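Novice: Have a look at the structure that comes next, please.
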Amino acid sequence: MKTDWKRTWQAITALPTDHFPLLLPGVHKLAAFFILRRLKKLGYSNCRVDSSSKGLVVYAQR
Numbered sequence: 002m003k004t005d006w007k008r009t010w011q012a013i014t015a016l017p018t019d020h021f022p023l024l025l026p027g028v029h030k031l032a033a034f035f036i037l038r039r040l041k042k043l044g045y046s047n048c049r050v051d052s053s054s055k056g057l058v059v060y061a062q063r
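Heads up: the sequence shown runs through residues 2 to 63, numbered per our numbering.
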């Protein structure tokens with residue numbers, strides 16, 4: 002899937018945290034670092050981001 006820079010920016014700055022796992026289609030792999038950092042800051046634990054052919058898959062627990 003082609004990387005969409007608008008979706009990547011939205012994933013970094015305004016990631017929805019209402020449910021996990023969360024699929025982020027078209028988001029660049031580089032965003033994973035910033036997503037994990039934001040989740041840790043919000044108090045989530047057991048966080049991980051996997052890269053798939055469809056995009057990033059975010060896992061986290063509160």
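By construction, the Cβ of each residue, glycine as well, lies at the ideal position given by its N, Cα and C atoms.
Given the structure is predicted, the values throughout are model-derived calculations rather than measurements.
For a test of the three-state rule: what should DSSP assign to R8, helix, strand or coil?
Specialist: helix
Novice: Run the proximity test for S46: is its beta-carbon closer than 7 Å to any non-hydrogen atom belonging to the ligand MG?
Specialist: Ligands in the displayed structure: none, and consequently the ligand MG is not present.
Novice: Assuming V59 and L23 form a contact by the criterion Cβ under 8 Å, report the distance between their Cβ atoms to the nearest whole angstrom.
Specialist: 4 Å
Novice: Between K7, W10, R49 and L40, which lies nearest to D19 when the distance is taken from Cα to Cα?
Specialist: L40
Novice: Quick check for students: name the residue ranges of the beta strand (DSSP E) that lie wholly in the segment 4-62, counting only runs of 3 or more.
Specialist: Taken in chain order, the complete beta strand (DSSP E) segments of 3 residues or longer contained in the segment 4-62 are 23-26, 46-53 and 56-62.
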